[in-house]
Every structure is written in C-alpha cells, then in structure tokens.
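Note sheet for the following structure.
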Amino acid sequence: ILVGPLPTPALPLLIKSLRADMGVMITASHNTYEYNGLKFFDATGMKITRSLENKIENIISNRSKYNQIVNLSYQCGKAIRLKDAQGRYSEYLKSTLKNKEKIKKLKIVLDCANGATYHIAPNIFWEIGCEVFTINNVPNGQNINDNCGAINIKELSKTVNKEKADIGFAFDGDGDRLIAVDEKSQEIDGDKLIALFAKNLLKLKKLNKKTVVTTVMSNLGFEKYLKNKLGI
17 ILVGPLPTPA LPLLIKSLRA DMGVMITASH NTYEYNGLKF FDATGMKITR SLENKIENII
77 SNRSKYNQIV NLSYQCGKAI RLKDAQGRYS EYLKSTLKNK EKIKKLKIVL DCANGATYHI
137 APNIFWEIGC EVFTINNVPN GQNINDNCGA INIKELSKTV NKEKADIGFA FDGDGDRLIA
197 VDEKSQEIDG DKLIALFAKN LLKLKKLNKK TVVTTVMSNL GFEKYLKNKL GI
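Numbering (my numbering), first residue to last: 17 to 248.
Below you can see the structure in the form of structure tokens.
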C-alpha cells in the first residue's frame with residue numbers, strides 16, 4: 017500500500033488502522049537530498065528491534081540471499097495507492113486538539129524544510145482557523161533540508177519577527193523533528209518543549225506516573241528543572 021509522501025509519524029498510525037504487517041518509510045530524515053535511508057516499523061507501529069535490523073542487514077550483505085528475495089518479489093504481491101492517506105492523518109491530528117478556539121486565534125509561521133510536511137502542515141493549521149505563513153514549502157527534489165527547517169531556524173526567526181507572529185515551527189525533512197520559536201523569535205528547543213509539556217500535563221494531573229522519557233541528548237539543565245521545579 018503506497019501512502020506517501022507523508023511525514024514519518026503518519027506511518028505508524030496508518031499501519032495500525034490498515035492492519036498492515038509492517039511499514040517502510042523511505043527517508044534521509046534531516047539530511048540533504050544526496051542521502052537516503054529506510055525506517056522499518058512493525059505491525060504495532062513501533063520501530064523494529066535491533067536484532068531484526070541485523071537480520072535484514074545480513075541478508076542484504078549476502079548477495080545470493082538478496083538476489084533470491086528480489087527474484088521472488090517479482091512473482092508475488094501488488095502495489096496499490098491509498099489516496100486519502102494524508103486526509104486520514106490530518107483528521108487524526110485535529111481530533112487530538114481539545115481547545116481549538118484558543119488555537120484558531122494564533123498567527124503561526126511554518127518552515128516545512130521543503131519536505132514531507134510542505135502540504136499537510138499548513139493545511140491542518142489553516143483548517144483549524146489559524147493565520148498561517150509558510151516558508152520553504154516548495155520541494156523540487158533537491159532543496160530538502162537545504163539550510164532550512166529544524167536544522168537552521170534563521171529564516172523562521174526572521175519571518176516570525178517580520179509577520180509579528182505568535183509562534184513559529186520548523187520541521188525537518190520527514191516531519192519527525194521539531195524546533196519552535198516564540199513571539200520574540202527566541203528558540204524553543206526539544207528540552208524546553210518537553211519541559212513545557214511535562215509542566216502542563218502535571219498541572220492537569222495527566223502525567224502518567226510523574227515520568228518523563230527523553231533521549232541521551234537531553235542536557236543537565238533540563239533534568240534539574242524537572243527535578244527541582246516540577247518534582248519529577
């Protein structure tokens with residue numbers, strides 16, 4: 017089932033809703049167009065285990081096994097395109113918003129990195145009722161992540177300031193990475209975003225087991241804030 021181009025986070029949702037056995041996203045994430053890669057997801061929408069990755073890599077490295085599988089693939093299966101894949105993902109995202117009235121008053125700038133979010137992201141915010149300014153939303157096959165998006169927010173910051181926007185969001189090429197800037201064009205990085213989410217969920221008494229899960233990239237200041245200010 018062909019569903020793209022779509023942001024990477026859309027794939028796990030579609031895997032589960034379509035009851036697929038697995039999903040494959042072709043993407044180089046935040047890298048430029050010269051690079052490419054594959055992300056594999058299992059039937060639950062989770063990334064496959066490292067042990068399974070190793071098995072796949074071993075098959076690819078073994079020319080005879082690889083050729084055997086490639087030859088078999090020509091004799092089985094078929095490809096069909098799911099035309100409303102983007103619409104399904106859009107409706108799901110909008111359904112998660114609890115207070116659309118507050119959000120619709122916002123003036124928002126989006127930097128789509130000339131990637132997978134170039135169409136879906138502006139449409140979602142526009143459908144909610146926001147005033148939307150979009151930059152880097154004209155992909156040509158070679159300009160993805162080219163000094164724009166989450167890896168370079170200079171243009172986003174300038175546009176937020178120029179348009180007097182309330183907030184700006186920069187995605188990476190496949191839409192699974194996000195950096196924000198506030199109304200003063202100050203960067204809100206991943207640590208700050210998670211801290212804000214944790215603070216809000218804690219206030220609403222919805223932070224499960226008072227636990228926050230992060231990556232090894234999170235810094236000491238973030239950890240101290242959670243412990244000293246939020247008691248996590």
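Quick reminder that beta carbons are idealized off the backbone N, C-alpha and C, glycines included.
Rounded Cβ spacing between residue i and residue j (contact assumed at less than 8 angstroms)
{"i": "ASP205", "j": "ILE195", "result": "6 angstroms"}
{"i": "SER106", "j": "ASN139", "result": "7 angstroms"}
{"i": "LYS123", "j": "GLU147", "result": "4 angstroms"}
{"i": "LEU98", "j": "ASP127", "result": "Contact flag wrong, Cβ pair sits at about 27 angstroms."}
{"i": "VAL306", "j": "VAL125", "result": "Because the chain is modelled from 17 through 248, residue 306 falls outside the range shown and cannot be assessed."}
{"i": "LYS120", "j": "GLY145", "result": "3 angstroms"}
{"i": "LEU218", "j": "LEU246", "result": "6 angstroms"}
Backbone secondary structure at residue i - three-state DSSP
{"i": "LEU54", "result": "strand"}
{"i": "THR175", "result": "helix"}
{"i": "VAL86", "result": "helix"}
{"i": "GLU203", "result": "strand"}
{"i": "ALA196", "result": "strand"}
{"i": "LEU18", "result": "strand"}
{"i": "GLY247", "result": "coil"}
{"i": "GLY39", "result": "strand"}
{"i": "LEU212", "result": "helix"}
{"i": "LEU126", "result": "strand"}
{"i": "GLY165", "result": "helix"}
{"i": "LYS71", "result": "helix"}
{"i": "VAL160", "result": "Reading the sequence as shown, one finds Ile at residue 160 and not Val. Here ILE160 sits in coil by DSSP."}
{"i": "GLY184", "result": "strand"}
{"i": "ILE31", "result": "helix"}
Selected residue, minimal CA-CA separation from residue i, among the options
{"i": "GLU73", "options": "CYS92, THR60 and GLY53", "result": "GLY53"}
{"i": "ILE169", "options": "LYS81, GLY157, GLN158 and ASP188", "result": "ASP188"}
{"i": "LYS118", "options": "PHE141, LYS81 and CYS128", "result": "PHE141"}
{"i": "THR133", "options": "TYR49, ALA26, GLY237 and GLN84", "result": "ALA26"}
{"i": "THR60", "options": "LEU29, TYR51 and THR175", "result": "LEU29"}
{"i": "PHE213", "options": "VAL232, PHE57, TYR241 and GLU199", "result": "TYR241"}
{"i": "GLN158", "options": "THR48, ALA36, LEU34 and ILE42", "result": "THR48"}
{"i": "TYR108", "options": "ILE136, TYR82 and ALA95", "result": "ILE136"}
{"i": "GLN102", "options": "ILE160, PRO21, ILE42 and SER89", "result": "PRO21"}
{"i": "ILE210", "options": "ILE42, ASN161 and ILE248", "result": "ILE248"}
{"i": "PHE185", "options": "ALA129, SER234 and LYS225", "result": "ALA129"}
Buried or exposed (CB count within 10 angstroms, at least 16 for buried), residue i
{"i": "VAL86", "result": "exposed"}
{"i": "VAL249", "result": "Here the chain covers residues 17 to 248 and nothing more, so residue 249 does not appear."}
{"i": "CYS164", "result": "buried"}
{"i": "MET41", "result": "buried"}
{"i": "ASN37", "result": "The residue asked about is misnamed: residue 37 is Asp in this sequence, not Asn. Exposed, since its Cβ has fewer than 16 Cβ neighbours within 10 Å."}
{"i": "SER308", "result": "Residue coverage of the chain in this structure runs from 17 to 248, which leaves residue 308 outside it and unanswerable."}
{"i": "THR150", "result": "buried"}
{"i": "ASP100", "result": "exposed"}
{"i": "THR43", "result": "buried"}
Residue i at chain D interface by Cβ criterion, 9 angstroms
{"i": "LEU246", "result": "Here there is only one protein chain, and chain D is not present."}
> Are the segment 64–82 and the segment 199–213 in contact at 8 angstroms, needing three or more beta carbon pairs?
Replying inline: no
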